[in-house]
Structure formats: structure tokens, C-alpha cells
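Notes follow once the structure below has been shown.
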Amino acid sequence: MISLISEVNHYRHSANEWKSKSAQASALADSRLKTINQMQIQQKAVSAIDQAYQLQLKAKDDEISFLSDRVKSGSVRLRVKAVCPSGVPQASTSSGITNATSAELSADARQDYYTLRSQLAQATAQINGLQAYIREITK
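Numbering of the sequence shown is given in my numbering, commencing with residue -1 and proceeding in unit increments.
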């Protein structure tokens, strides 16, 4: 009889251990599932942020290409506001008529200008995207 009681206690103790381990495993699984779900939500949010900034960057690139095409076709001119340094003599017109010509960028300088605008738009989009990403993941 004592051995039967001892065996029952042993099985009851084993059952309680397994029940405790099962509860721990279940809690761990729930915790991991919650983490996975949170990661999926963050991935969707980050993907939406990326898509929005990619669209903005594409629109900016299209705008720069459109400007470049219009300048190449001659329908508009690219003007850069400039001031001559103090050591450069000013052209004087005694008749009071101003020069009809204005300074323009060379073809190489124009291309550099478009490249700089594109790089600026890209850097701005990257910075804004990273800031949005940081705000999203620190919620």
C-alpha cells in the first residue's frame, strides 16, 4: 500500500511538472507569436513609408527631367541668380541701354545642376524616410 501511495505521488508530481512545463512552453509560444505579429505590423508600416517616399522621389525626378527637357527644347531658360565679385569691372553703357544678353550655364554646368537637384531630392527623401522609420519603430 505504501508503495502504491509512493507511486501515485510520483506520478502526480511528474504530472504537475509536465503541466508547469506545458504552461511555460505555451506562454513562450504566445510571447513569440505576439512578437512576430508586432514585427509584421512594423514591416507593413515601414513598407508603406518606403513606398510613399519612393513615390515622392519619383515625382521629384520626373519634375527635374521635365525641366531639363524644356530647357533643352528652348521653351524655357535656366537662369541662375549671380552677383559679380567686387574686383570685376562693371560694363558701362553710355547710352543708358542695358545689355540684352544674360549669363547662362554651359551644357555641362546645366547637367551638373540637374544632377545636384536630383541628389538633393534623393538625400531629402532618404532623411525623411529614415526619420519616419525611426518614429514608427519607437512607437
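Ideal placement from N, C-alpha and C gives every residue a C-beta, glycine not left out. All of these numbers come straight from a predicted model, not from anything done at the bench.
Give the straight-line distance between the Cα atoms of residue i and residue j, rounded to the nearest whole angstrom.
i, j, result
"S71", "L103", "15 Å"
"R115", "A25", "54 Å"
"Q40", "R108", "42 Å"
"A98", "R133", "A caution first: A98 carries a pLDDT of 49, below 50, which makes its placement in the model too unreliable to give a value."
"D59", "R77", "20 Å"
"I3", "L31", "41 Å"
Around the C-beta of residue i, are 16 or more other C-beta atoms found within 10 angstroms, so that it is buried, or is it exposed?
i, result
"A57", "exposed"
"Y9", "exposed"
From the options, pick the residue whose C-alpha is nearest to that of residue i; which is it?
i, options, result
"Y131", "S45, L55, L2, F64", "S45"
"T122", "V74, Q54, S63, Y111", "Q54"
"I135", "K42, V69, T113", "K42"
When DSSP labels each residue in this structure, what does residue i get in the three-state scheme?
i, result
"M37", "helix"
"L118", "helix"
"K79", "coil"
"T136", "coil"
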